[in-house]
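In my numbering, the protein residues as written are 3 to 242. Positions of the beta carbon are idealized from the N, C-alpha and C atoms, including for glycine. Remember, it's a predicted structure, so these values are computed and weren't measured experimentally. This report concerns only the one structure given below.
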Ligand SMILES: O=C(CCCCNC(=O)Nc1ccc(S(=O)(=O)N2CCN(c3cc(Cl)cc(C(F)(F)F)c3)CC2)cc1)NO
Ligand SMILES: [Mn+2]
């Protein structure tokens, strides 16, 4: 059987082609898999499970139908959709996982994570991340009226877009020491993450052992996934 891993679709109402591509991926590929892991930035923004955006229902219905076909669906939060909650996950028939998780997929032990926690050179982002991952701040934000949250989100999305333009490509990529520390901590041969939008499979030698860091591609103009079978882990691309 096959396990599929995706991330960084950045689904949003303004990009119906990506949503169509995702629905096609569900119909043509995910329906034949045993498990589907979604490693964050699945939505381009998320301000609470009470957001009535029609896109959320379209996606939840498709994932729920997939889970009812027997495909197990798991979700790890990204820096965009870190507020996606249990209520919405239940509507999708998917299980929320902690930010870093070892999975057993088709007999392979793989560490999965969104990838933003590896970008330790981006200190501004890491400070911001610490704040918005504080429980009481999340409760306060979710308590605000939806209209206020929408306004804040609009401002912050614009803000982070311009902030990213100022940052060098280097600090927005993973920090090699953070990668090595993570491999040493979790002791898996493979890790798969998203976030950087730089799809590739990197091999690295640590303490005389070969490790592989798989990076998922963002769904800008085509789909991207890791396909895991009992004897292979490969990065695939496919048209929407
Ligand atoms: O994305 C990349 C490259 C950029 C990587 C770093 N940039 C980045 O992540 N930006 C970003 C992420 C999410 C959104 S948001 O619109 O979804 N939304 C905004 C308001 N959020 C909030 C939550 C809490 Cl608890 C508290 C507050 C408070 F207190 F500030 F008001 C606000 C909830 C989430 C907007 C911008 N690569 O993948
Ligand atoms: Mn991201």
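### Task
Provide the residue span of the beta strand (DSSP E) that contains residue 213, from first to last.
211–217
### Query
Under three-state DSSP, which class holds residue 39?
Strand, per DSSP.
### Task
Give the DSSP-derived three-state secondary structure of residue 30 in the structure shown.
helix
### Query
Which runs of the beta strand (DSSP E) spanning at least 3 residues fall entirely within the stretch 121–207, listed in chain order?
Counting whole runs of 3 or more residues, the stretch 121–207 contains the beta strand (DSSP E) stretches 192–195.
### Task
Could you have a look at residue 108 and say whether DSSP puts it in helix, strand or coil?
Three-state result, residue 108: coil.
### Query
Can you list, in chain order, every residue whose CB sits closer than 7 Å to a heavy atom of ligand 2?
10, 42, 43, 80, 81, 82, 116, 117, 118, 196, 197
### Message
Going by DSSP, what residue range makes up the alpha helix (DSSP H) through residue 119?
### Response
In the DSSP assignment, residue 119 falls outside any alpha helix (DSSP H), carrying neither H nor E.
### Spatial neighbours of residue 76 in its chain, beta-carbon cut-off 6 Å, leaving aside the 5 residues before and after
39, 97, 99
### CA nearest to the CA of residue 213, picked from 149, 198, 183
Taking only the C-alpha atoms, the option nearest residue 213 is 183.
### Separation of residue 17 from residue 190, as counted between CA atoms
36 Å
### Message
Can you tell me whether residue 164 sits near ligand 1, meaning its C-beta is under 6 Å from at least one heavy atom of the ligand?
### Response
With a cut-off of 6 Å, the C-beta of residue 164 is classified as distant from ligand 1, since no heavy atom of the ligand falls inside that distance.
### Query
Any idea what DSSP makes of residue 220, helix, strand or coil?
coil
### Query
Taking Cβ to Cβ, would you say residue 166 is nearer than 7 Å to residue 123?
no
### Sequence-distant residues of the same chain with beta carbon closer than 8 Å to residue 101, five excluded per side
Closer than 8 Å at the Cβ level, and outside the excluded window around residue 101, lie 78, 79, 115, 116, 119.
### Task
Let me know the secondary structure DSSP gives residue 21 once reduced to three states.
Residue 21 sits in a helix when the DSSP states are folded into three classes.
### Query
Less than 6 Å between the CB of residue 155 and some heavy atom of ligand 1, yes or no?
Yes, ligand 1 has a heavy atom inside 6 Å of this Cβ.
#### Entry: Contacting residues, own chain, Cβ-Cβ under 6 Å from residue 231 (five flanking each side not counted)
Cβ within range, chain order: 4, 108.
### Task
Pick out whichever of 11, 32, 7, 52 has its Cα sitting closest to the Cα of residue 149.
52
#### Entry: Distance between residue 8 and residue 135 (C-alpha atoms, nearest Å)
23 Å
### Message
Could you check whether the Cβ of residue 77 sits closer than 6 Å to any heavy atom belonging to ligand 1?
### Response
no
### Task
Using only alpha-carbon positions, find the residue among 129, 222, 216 that is nearest to residue 228.
Distance from the Cα of residue 228 is smallest, within the candidate group 129, 222, 216, for 216.
### Local Cβ density within 10 Å of residue 142, reported as buried at 16 or more and exposed below that
Counting Cβ neighbours within 10 Å, residue 142 comes out exposed, since fewer than 16 surround it.
### Message
Taking 7 Å as the threshold (C-beta atoms), are residue 83 and residue 27 in contact?
### Response
no
#### Entry: Straight-line Cα distance separating residue 48 from residue 85
So the alpha carbons of these two residues sit roughly 6 Å apart.
### Query
Do residue 204 and residue 220 have their C-beta atoms within less than 7 Å of each other?
Contact flag unset, no.
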